[in-house]
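**Student:**
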Amino acid sequence: MRSFDPTPFVLPLFGALALTVLAGGARAEMMDDHLFTLVALDRLEYRARNGNDLLAWEGQGKIGTDYHKLALKSEGEYERRADRFEKAEVRLLYQRLISDFFDVQAGVRYDFEPDPSRVYGVVGLAGLAPQWFETDANLFVSDRGDVSARLEAEYDVLITQRLVLQPSAELNLGLSNDRPTGMGSGVRNVEFGLRLRYEIVREFAPYIGVHWERKLGRTADIASEEGEDDSVVSLVAGVRVFF
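Going by the numbering used here, the sequence shown opens with residue 233, and the numbers climb by one from there.
(1) Where does Ile454 sit, in a helix, a strand or coil, going by DSSP?
(2) Quick test of your reading: Gly227 and Glu321, contact by CB under 8 Å. State the CB separation rounded to the nearest angstrom.
(3) Output yes or no for whether 8 Å exceeds the beta carbon distance between Val468 and Gly449.
(4) Given a cut-off of 8 Å, decide if Ala385 and Ala401 are closer than it, judged by their beta-carbon atoms.
(5) Taking the alpha-carbon positions, what's the Val422 to Asp343 distance?
(6) Tell me the start and end of each unbroken beta strand (DSSP E) in the segment 297 to 365 that is at least 3 residues and wholly inside, in chain order.
(7) Check the C-beta distance from Ile454 over to Arg427 and give it rounded, since I have them as a contact under 8 Å.
(8) Here's a check: name, in chain order, each residue in its chain whose Cβ is nearer than 7 Å to the Cβ of Ala272, leaving out the five neighbours to either side.
(9) Got a sec? Which residues, its chain only, sit under 6 Å from Glu345 by beta carbon, not counting five neighbours each side?
(10) Which residues in the same chain as Leu360 place their Cβ atom closer than 7 Å to its Cβ, once the five residues preceding and following it in sequence are excluded?
(11) Given that a residue counts as buried once 16 or more other Cβ atoms are within 10 Å of its Cβ, and exposed if not, what is Ala406?
(12) Can you grab the Cα-Cα spacing for the pair Gly256 / Thr297, in whole Å?
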């Protein structure tokens, strides 16, 4: 099988991003040009689920100003019993502030797992929706031309100054089937989580909770054909760290 070379996608993309940054230079005096960095491991957790336990992570690193940022994001799951990554992805994004609460973002996403790997172009919007819901909505176009979308949202409920309850939700959709990766067209899957964390200090917080995943439509059919469960509930324990 001919290997896919992502270079023709990556170089024009970053050329366009560089031009976007330069185009904003004329307004630099009106902007806050203070450079900051952030490294955050939003979730590093153990998921106990019917003997098929997982290690899961979700994190990001950022560098830039209030108006222009580069972000590196990663998330994935490692299946202990099978000794393999169930899914693993990395996204490299340019983000630009377009309002007081939202960034528009564009870049590339690379999925190491499931096999075969995929490369995607990404465009999206991230920020705080009304009522302080943290949202991240993205449209993906793969190197095969498949179009998909993902919407994520979470909300922090302060029980005390240190104890925080965080409900979260994720919805994935696709316009076409990608059978080799187990993805069907339509609504592919939903995920809901409820995590209770205790902030020992603001930068370090252990937590416990529950996580539910449900595959839907054609994606659920593919999972059934492969002998996989289409619905899984996990008890989770983990830690949240940033600096």
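Ideal Cβ positions, reconstructed from N, Cα and C, are used throughout, including at glycine.
**Tutor:** Checking against the coordinates, here is how it stands:
(1) helix
(2) Coverage of the chain is limited to positions 233 through 475, which leaves residue 227 absent and any answer about it impossible.
(3) no
(4) yes
(5) 19 Å
(6) 300 to 311, 316 to 329, 334 to 345, 350 to 361
(7) Not confirmed; about 29 Å, so no contact.
(8) Gly291, Gln292, Phe474
(9) Phe317, Lys319, Ala320
(10) Phe333, Glu366
(11) Here residue 406 is Gly; the residue named in the question, Ala, does not match the sequence. Counting Cβ neighbours within 10 Å, Gly406 comes out buried, since at least 16 surround it.
(12) The predicted model places Gly256 with a pLDDT of 46, which falls under 50 and marks its position as unreliable; any figure quoted below should be read in that light. One C-alpha to the other measures close to 12 Å.
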